[in-house]
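> Provided herewith is a single structure, encoded as structure tokens, for subsequent inquiry.
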Amino acid sequence: MLGNNVIQQGGGLAVPSDDAESDGFGYVVPGWSAPANVRALTTTRNGGYSQLGGTKSLNLGINTSDSIDLVKHNRSFLRKSLALNNEPVWLEQVHGTEIINLSSQINSLVADGAVTNVNGQICAILTADCLPLFLCDRFGEQVALLHVGWRGLAAGIVEKGVGLFKA
591 MLGNNVIQQG
601 GGLAVPSDDA
611 ESDGFGYVVP
621 GWSAPANVRA
631 LTTTRNGGYS
641 QLGGTKSLNL
651 GINTSDSIDL
661 VKHNRSFLRK
671 SLALNNEPVW
681 LEQVHGTEII
691 NLSSQINSLV
701 ADGAVTNVNG
711 QICAILTADC
721 LPLFLCDRFG
731 EQVALLHVGW
741 RGLAAGIVEK
751 GVGLFKA
């Protein structure tokens, strides 16, 4: 499943508890026991304004054959539909193990994961044949979102992501 994945620490991400179609796009909410202040979802390709494959698509990836203007329109549509107060941080994914800390100074968005403890900060990754891995601590004070492909998995991105959490 093609997916666009977001996770947020703190309030503000208007995500119902069930899988749904919302304002013309589909999404799946993980069935996990995260604290109530942590919200996460994966969108499907349904809906949106892109015309990839001859049908409307919620393509959120800049590095595709899609029009950048349509991708920006899809990103705006997602933000408005989910009533996001902040813009998601979109990474430039490279199938590696780099994870950026959004709570600190960001020098580059080239990474395959993001971690934050900032209330309302939204981590985002894109997936096609890779897996999104949503992580949070037991209190919902820190969240991470990892883009896990076979290369990153073999190189230790999961261990690296878990290791960034405070004990």
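All residue numbers for the sequence shown refer to this note's numbering, where the first residue is 591 and numbers rise by one.
Virtual Cβ for every residue (Gly too), placed ideally from N, Cα, C.
1) Helix, strand or coil: which one does DSSP assign to N691?
2) Under 7 Å Cβ to Cβ from C720, same chain only, skipping five residues before and after it: list those, please.
3) Is it buried or exposed for E677, if we count other Cβ within 10 angstroms and need 16 for buried?
4) Among G686, Q711, V733, which one has its Cα closest to the Cα of A745?
5) Which class does H737 belong to by DSSP, given the choice of helix, strand or coil?
6) Under the DSSP definition of a beta bridge, which residues are partnered with S657?
7) If you draw a straight line from the alpha carbon of T632 to that of P620, how long is it in whole angstroms?
8) Who pairs with P678 in a beta bridge, going by DSSP?
9) According to the Cβ coordinates, are A624 and G730 closer than 8 Å?
10) Take the Cβ of G643 as the centre, count every other Cβ of all protein chains shown within 10 Å, and call the residue buried at 16 or more, exposed below.
11) Count the other C-beta atoms from every protein chain shown that fall within 10 angstroms of the C-beta of G753, then say buried if there are 16 or more, exposed otherwise.
12) Given that a residue counts as buried once 16 or more other Cβ atoms are within 10 Å of its Cβ, and exposed if not, what is R728?
13) Taking 7 Å as the limit between beta carbons, can you name the residues of its chain near G742, skipping five residues before and five after?
14) Leaving out five residues on either side along the sequence, give the residues of the same chain with a beta carbon under 6 Å from the beta carbon of T654.
15) Going by other Cβ atoms of all chains shown within 10 Å of its Cβ, with 16 needed for buried, is N675 buried or exposed?
16) Just the C-alpha distance for S612 and S671, rounded to the nearest angstrom, thanks.
The relevant details are as follows:
1) strand
2) H737, V738, G739
3) exposed
4) G686
5) strand
6) Note: S657 sits in no beta bridge, so no partner.
7) 8 Å
8) Paired residues: none, contrary to the question.
9) yes
10) exposed
11) exposed
12) exposed
13) H685, G686, T687, D702
14) none
15) exposed
16) Note that S612 has pLDDT 49, beneath the 50 cutoff, so the model's placement of it is unreliable and the number below is only indicative. S612 and S671: Cα-Cα distance of roughly 7 Å.
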